[in-house]
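*Asks:* Once you've had a glance at the structure underneath, I'll fire off some questions.
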Amino acid sequence: MNNGKSFPWNLDLTGFCDQCGKYRAHGNHYKCSKARQAINERRRAEEARSGVTPGPKKSASVWWLLRQE
1 MNNGKSFPWN LDLTGFCDQC GKYRAHGNHY KCSKARQAIN ERRRAEEARS
51 GVTPGPKKSA SVWWLLRQE
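Under the working numbering, the first residue of the sequence shown carries the number 1, and numbering increases by one thereafter.
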C-alpha cells in the first residue's frame, strides 16, 4: 500500500465526510453516520444472499501494511 508518500505505512485518513463532503470536524454527522450504516447493512445483506463471504478482516498494523508492497 504505497500511497506515494515517504512513509508507506501512514494511513490515508481524510478529514472529509464521505456522505456530505464537509469537514468531519464541523457540524454533526449523525445523519451521515446513519446513512453509512444503512449502506453497509445493505451490502452485507446482499453478500449473504449471494453466498459471497468476505475475507477475514486484517488489522492495520505496521507489519501488515509493510507486507503489502
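For every residue, glycine included, the Cβ atom is placed at its ideal position computed from N, Cα and C.
Determine the direct distance from the alpha carbon of E47 to that of C20, and round the result to whole angstroms.
*Replies:* For this step, residue 20 is matched to residue 20 along the sequence shown. For this step, residue 47 is matched to residue 47 along the sequence shown. Going from the Cα of C20 to the Cα of E47 covers about 26 Å.
*Asks:* Roughly how many whole angstroms lie between the Cα atoms of G15 and A25?
*Replies:* Within the sequence shown, residue 15 is the residue found at index 15, counting from 1. Within the sequence shown, residue 25 is the residue found at index 25, counting from 1. Whole-angstrom Cα-Cα distance: 7 Å.
*Asks:* How long is the line joining the alpha carbons of C17 and S50, rounded to whole angstroms?
*Replies:* As a working note, residue 17 is residue 17 in the sequence shown. As a working note, residue 50 is residue 50 in the sequence shown. Between C17 and S50, the C-alpha separation is close to 30 Å.
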